[in-house]
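What follows is a short report on a single structure.
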Amino acid sequence: MGEDRHTGNWLTHPITALVLRIVLGCVFIYASLDKIRHPDLFAEAVYNYQLLPEVAVNLVAICLPWVELLSGSLLVLGLWMQGSILILSGLMVVFIGALGINLARGLDVHCGCFITQSTDPITILTLFRDSLFLLLAFYLFWLYQIRGIETKFSLAQVLKR
Amino acid sequence: MKRSLLQSIGIIIISGALGIGVHAFRAEGIPLMERWQEKVLNEQLTGGFPAVSLKQVKEAYKSGAALLVDARDPEFFERGHIPGAVSLPVRDFDSVFPKLEEQLRAAPRVITYCDGASCEMSVELTEKLLFAGLEYIEIFTGGIQQWQGAGQPVVAGKN
Chain A
381 MGEDRHTGNW LTHPITALVL RIVLGCVFIY ASLDKIRHPD LFAEAVYNYQ
431 LLPEVAVNLV AICLPWVELL SGSLLVLGLW MQGSILILSG LMVVFIGALG
481 INLARGLDVH CGCFITQSTD PITILTLFRD SLFLLLAFYL FWLYQIRGIE
531 TKFSLAQVLK R
Chain B
809 MKRSLLQSIG IIIISGALGI GVHAFRAEGI PLMERWQEKV LNEQLTGGFP
859 AVSLKQVKEA YKSGAALLVD ARDPEFFERG HIPGAVSLPV RDFDSVFPKL
909 EEQLRAAPRV ITYCDGASCE MSVELTEKLL FAGLEYIEIF TGGIQQWQGA
959 GQPVVAGKN
């Protein structure tokens with residue numbers, strides 16, 4: 381495992397990785413807050429996607445925002461980063477899949493991605509925005525999982541000292 | 809990769825416990841499982857206003873957590889209504905509402921009902937109550953028919 385090896389490539393620069401890690405973490409933290417505050421509205425958004433059995437709708441609406449909040453916070457703090465990156469990458473794949481299926485179906489459903497009370501319908505732009513987040517998650521996955529880089533900008537490293 | 813998977817499982821378990829744990833202490837929570845198709849059908853019947861099921865009305869009736877409001881004409885209320893319910897006929901709303909206003913505003917939750925799924929008086933009453941500035945109003949779409957059909961008690965008499 382390398383430790384923040386910077387070989388002149390901006391893509392693997394520790395500051396780039398840190399900034400993008402915080403951006404992705406904050407996106408998920410922000411996305412979770414309104415859903416935690418309004419589980420009823422988020423449950424309705426989940427149901428409207430018509431992808432889950434109805435018994436799972438409320439359970440997902442109650443637990444998923446906490447997965448987002450915890451994973452996002454751990455990513456920002458730099459604790460259990462590999463696990464949180466794996467989850468966030470998986471979530472983005474699932475979200476994009478769900479958005480894509482409903483776009484293809486032509487269902488007039490609301491995204492429920494950040495603001496549960498939003499009435500903005502899903503568009504190709506929603507899909508594009510989420511694809512950027514997925515790219516970000518894959519980048520972090522490549523950096524910390526495949527390349528195995530350990531960053532010094534993390535609580536895990538501070539605790540090791 | 810094994811470490812990532814273990815961490816992921818840990819995060820999911822902790823998040824699930826946090827979600828369900830916090831949810832258990834929330835007053836305005838949703839049930840962990842819900843019959844969504846039934847709920848959506850009910851809401852279609854209520855013109856988009858929140859609907860409550862027979863089970864929820866039974867719970868509210870037992871705990872006294874909600875004030876049940878009968879929207880039917882007084883003679884039907886007098887013949888038989890849900891125990892504890894008050895009569896606020898849509899037809900006489902303007903004259904009866906001021907007498908019940910204090911009680912209605914003090915109630916944490918108000919549930920309106922009429923005969924059953926085919927009657928629209930509870931929806932009309934809900935509109936009027938919301939227009940009068942009340943909040944947290946739900947409609948029991950099954951009405952007195954479903955209540956009686958389920959063997960629940962009915963009492964006769966006036967308000």
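In the order they appear, the protein sequences are chains A and B.
Using my numbering, the letters of the first sequence map in sequence onto residues 381 to 541.
Using my numbering, the letters of the second sequence map in sequence onto residues 809 to 967.
We treat Cβ as the ideally placed atom computed from N, Cα and C, and that holds for glycine.
All values reported here derive from a predicted model rather than from experimental measurement.
By the criterion of at least three beta-carbon pairs nearer than 8 Å, the region 488-498 of chain A is in contact with the region 412-420 of chain A. Between A/Tyr429 and A/Val489 the beta-carbon gap is near 6 Å, inside 8 Å, which marks them as a contact. For B/Tyr921, the enclosing beta strand (DSSP E) has its first and last residue at Val918 to Tyr921. Note: B/Ala859 is bridge-paired with B/Ile947 in the DSSP secondary-structure output. Using a Cβ-Cβ cut-off of 8 Å, A/Asn438 is close to Ile838, Pro839, Leu840, Met841 and Glu842 of chain B, given in chain order.
Taking the Cα of A/Leu404 as reference, the smallest distance to any Cα among A/Leu449, A/Leu507 and A/Leu479 is reached at A/Leu449.
DSSP, read as helix, strand or coil, puts B/Leu896 in coil. Proximity of B/Gln845 to chain A, defined by a Cβ-Cβ separation below 9 Å, is satisfied. Considering only beta carbons, no part of the region 849-867 of chain B lies closer than 7 Å to chain A.
The beta carbon of B/Ala873 sits closer than 8 Å to the beta carbons of Glu867, Pro916 and Arg917 from its chain, once the five residues preceding and following it are set aside; these are given in chain order. In this structure, the CA atom of B/Lys810 is about 50 Å from the CA atom of B/Glu946.
About 5 Å separates the beta carbon of B/Phe948 from that of B/Val860, a gap short enough to meet the 8 Å contact definition.
The DSSP-derived three-state label of B/Pro961 is coil.
Nearest neighbour of B/Cys922 by Cα position, chosen from B/Ile890, B/Leu938 and B/Val904, turns out to be B/Ile890. A/Ile504 and A/Leu512 have their C-alpha atoms some 13 Å from each other.
For A/Phe408, the closest alpha carbon among the candidates A/Leu459, A/Thr396, A/Val447 and A/Gln525 is that of A/Val447. The beta carbon of A/Tyr524 is closer than 7 Å to those of Met461, Gln462 and Ile465 in its chain, skipping five residues each way along the sequence.
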